[in-house]
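First the structure, in the form of structure tokens, and then the observations on it.
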Amino acid sequence: MSLPTLPTLFEALYRGERHVGFGRPEPGTPQTLYRVPEGRLAEIFVTTDGSPGAVRAAVTEGAEEVTVTAGDPEVRLLPPLLPARSGAALLSGFMGTHKKKWGGASAPEGGEFEPPKWFFKGFGDWVRLPGETLNVPANPIALIEEPEVALVYVNDEDGNPHYAGYTFGNDLCDIGLHRKDPGYNPYCKLCDTALTPWLFLGEPPRTVTGRVTITRDGATAWEGSFDCGDDALYFRIRDMAAHLFSFPAVRRPGLVNYVLLGADEASFHDGFRIADGDRIAIDVKSHGVAFENPVAYVSPPPA
1 MSLPTLPTLF
11 EALYRGERHV
21 GFGRPEPGTP
31 QTLYRVPEGR
41 LAEIFVTTDG
51 SPGAVRAAVT
61 EGAEEVTVTA
71 GDPEVRLLPP
81 LLPARSGAAL
91 LSGFMGTHKK
101 KWGGASAPEG
111 GEFEPPKWFF
121 KGFGDWVRLP
131 GETLNVPANP
141 IALIEEPEVA
151 LVYVNDEDGN
161 PHYAGYTFGN
171 DLCDIGLHRK
181 DPGYNPYCKL
191 CDTALTPWLF
201 LGEPPRTVTG
211 RVTITRDGAT
221 AWEGSFDCGD
231 DALYFRIRDM
241 AAHLFSFPAV
251 RRPGLVNYVL
261 LGADEASFHD
271 GFRIADGDRI
281 AIDVKSHGVA
291 FENPVAYVSP
301 PPA
């Protein structure tokens, strides 16, 4: 089955300077990069209509070009729109958003919006990329992988959010701690999260399907499918986003927001328990994106 051709871009450091590339070429094939100043791509999403054509034109006009080989070790990919300044991006998300957690129903139209629960995960520079280790506190009760859509927004100088596009991630967390006491949820979320570097331009996806494979000592220990597109959600994305951005704390000028939309049921619900050293591979089959990360239990420092 052929995949839809979706406009995609990424940011990377090449020889210490920030560049933008378009598409996702196969390893070993030529890739054109365009040198841009730090923050320029975020500015483009604020000053244009954000359409693929407008973004490409603004990035490429007058930019210095360099051709590299996809997979070149000198090219270091970055999370989408991640500012160089620490603390200038936030990672957060919504909980309990899937229809299957609401008996298969959709939120009723009209009336007062009752938002889902929200969590703060950390600063954007805490995000891990594919292949990097996801660290979790020592001795978690029960970890869960959460394949999710992550929306990317950048605020203008007046604090108005501008939607840039979406990517995919794994919001690893300690669901066992949450189930022990929902009040412990902020602790539950203090596990690393992975995001892919690919920014898909366009509206949030209606259908996102794929498969998770968890390997242990080189062998498959668990696998299962997931669905995290808009059609799988109880809440409408526009309502969740409007409610979140009604809070001034996330509308600070220049701030980048990564917003996770919630996950399907996963390995935990099947009785599986993620162990130290396991590798979690997420294959977003609907979009041709595959990534994996090892998990490490990190012991606290000695008293």
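Sequential numbering from 1 applies to the sequence shown in full-length UniProt numbering.
Glycine included, every Cβ here is placed at the ideal spot set by N, Cα and C.
From a predicted model like this one, the values you see are computed outputs, not experimental measurements.
Distance CB(residue i)-CB(residue j) smaller than 8 Å
i           : j           : result
residue 19  : residue 6   : no
residue 134 : residue 79  : no
residue 45  : residue 178 : no
residue 138 : residue 27  : no
residue 81  : residue 36  : no
residue 88  : residue 260 : no
residue 141 : residue 180 : yes
residue 264 : residue 221 : no
residue 118 : residue 92  : yes
residue 171 : residue 188 : no
residue 59  : residue 31  : no
residue 8   : residue 201 : yes
residue 136 : residue 250 : no
residue 167 : residue 196 : yes
residue 230 : residue 206 : yes
residue 164 : residue 50  : yes
residue 341 : residue 41  : For residue 341 there is no data in the structure shown, the boundaries of the chain being 1 and 303.
residue 57  : residue 29  : no
residue 204 : residue 237 : yes
residue 288 : residue 94  : no
Residue i - DSSP class collapsed to helix/strand/coil
i           : result
residue 1   : Reliability of the predicted coordinates at residue 1 is poor, the pLDDT of 48 falling under 50, and the value obtained from them is presented with this limitation in mind. In the structure shown, residue 1 sits in coil (DSSP, three-state: anything other than H, G, I, E or B).
residue 198 : coil
residue 46  : helix
residue 19  : strand
residue 290 : strand
residue 298 : strand
residue 213 : strand
residue 164 : strand
residue 8   : strand
residue 182 : helix
residue 218 : coil
residue 30  : strand
residue 91  : strand
residue 174 : strand
residue 36  : coil
residue 59  : helix
residue 53  : helix
residue 190 : coil
residue 41  : helix
residue 208 : coil
residue 24  : coil
residue 78  : coil
residue 65  : strand
residue 283 : strand
residue 159 : coil
residue 71  : coil
When the options are compared against residue i, the one with the closest alpha-carbon
i           : options           : result
residue 103 : 234, 196, 254     : 234
residue 245 : 21, 143, 151      : 151
residue 267 : 232, 212, 65      : 212
residue 290 : 105, 209, 229     : 209
residue 228 : 125, 169, 257     : 169
residue 149 : 276, 126, 198     : 198
residue 292 : 146, 14, 239      : 146
residue 248 : 77, 107, 158      : 158
residue 127 : 50, 77, 156       : 77
residue 63  : 204, 51, 21       : 21
residue 271 : 217, 66, 223, 8   : 223
residue 111 : 160, 239, 186     : 239
residue 90  : 42, 61, 258       : 258
residue 226 : 184, 100, 13, 42  : 100
residue 276 : 54, 217, 84       : 217
residue 156 : 13, 43, 95, 184   : 43
residue 120 : 107, 160, 72, 184 : 184
Assumed close pair residue i, residue j - CB separation to whole angstroms, cut-off 8 Å
i           : j           : result
residue 215 : residue 279 : 5 Å
residue 366 : residue 97  : The first residue shown for the chain is 1 and the last is 303, placing residue 366 beyond what the model contains.
residue 113 : residue 243 : 6 Å
residue 38  : residue 84  : 5 Å
residue 14  : residue 66  : 7 Å
**Asked** Which runs of the alpha helix (DSSP H), 4 residues or longer, sit entirely within the stretch 224–281?
**Response** For the stretch 224–281, whole alpha helix (DSSP H) runs of length 4 or above, ordered along the chain, are 237–244.
**Item:** Sequence ranges, beta strand (DSSP E) only - wholly within the stretch 97–157, length at least 3
**Value:** Here the runs fully enclosed are 118–123, 134–137, 147–155.
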